[in-house]
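Colleague:
In the numbering used here, the protein residues as written are 19 to 142.
1) Note down the Cα distance separating residue 75 from residue 128, rounded to an integer number of angstroms.
2) What is the rounded straight-line gap between the Cα of residue 54 and the Cα of residue 103?
3) Quick check: what's the CA-CA separation for residue 78 versus residue 69?
4) With a Cβ-Cβ cutoff of 8 angstroms, do residue 65 and residue 114 count as a contact?
5) Would residue 123 be called buried (16 or more neighbouring beta carbons within 10 Å of its own) or exposed?
6) To the nearest angstrom, how far is it from the Cα of residue 126 to the Cα of residue 95?
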C-alpha cells in the first residue's frame, strides 16, 4: 500500500473560521426537508460567493437546485445572501421551511373544504 494511503488524513485548515460540521448539517437539513416541495427531483444545496471589488469583502449565496432531463439545471429556491456561509444557509433553510409551512396550511384548507363538500353532498 502506498505510504500516502496508509497515513491518516488530517482535516483541512478552517480558513473562514466557520464550523464545517454545522455547515454540513444545515446543507443536509435543507436538502432533506425540500423533498416534499420538489417530489421526484433530487435537490442539491449550492453555495457560491460574490466578491465586492470596492472593499474586497464577499457575500455568500445559497440556493437549492435540481437537475432536469438532459442535465438542465433548475433553480428551485433562493438565492439567499449572507455575510457568511452559515448566514446564507440559515436564510435558505428559513425560506424552505416557510414554503413547507405555507404548503401545509394550503393542504389543510383544501382538506377541510373537501370534507365539508362531502358532508354537504351526502345529506340530500
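Think of the CB as a built atom: it goes at the ideal place given N, C-alpha and C, for glycine as much as any other residue.
The model shown is predicted, which means the values in this text are computed figures rather than measured ones.
Modeller: So, from the listed chains and residues:
1) Walking along the chain shown from the start, residue 75 turns up at place 57. Walking along the chain shown from the start, residue 128 turns up at place 110. Computed Cα separation, rounded: 47 angstroms.
2) Stepping through the chain shown from its first residue, residue 54 is reached at position 36. Stepping through the chain shown from its first residue, residue 103 is reached at position 85. For residue 54 and residue 103, the gap between their C-alpha atoms comes out near 24 angstroms.
3) For the purposes of this step, residue 78 is identified with residue 60 of the chain shown, where counting begins at 1. For the purposes of this step, residue 69 is identified with residue 51 of the chain shown, where counting begins at 1. Those two C-alpha atoms are separated by around 9 angstroms.
4) As a first step, residue 65 must be located in the chain shown, where it is residue number 47. As a first step, residue 114 must be located in the chain shown, where it is residue number 96. A distance of 8 angstroms or more separates the beta carbons of residue 65 and residue 114.
5) Counting from 1 along the chain shown, the entry for residue 123 is found at position 105. It counts as exposed.
6) Working through the chain shown from its first residue, we reach residue 126 at position 108. Working through the chain shown from its first residue, we reach residue 95 at position 77. About 23 angstroms.
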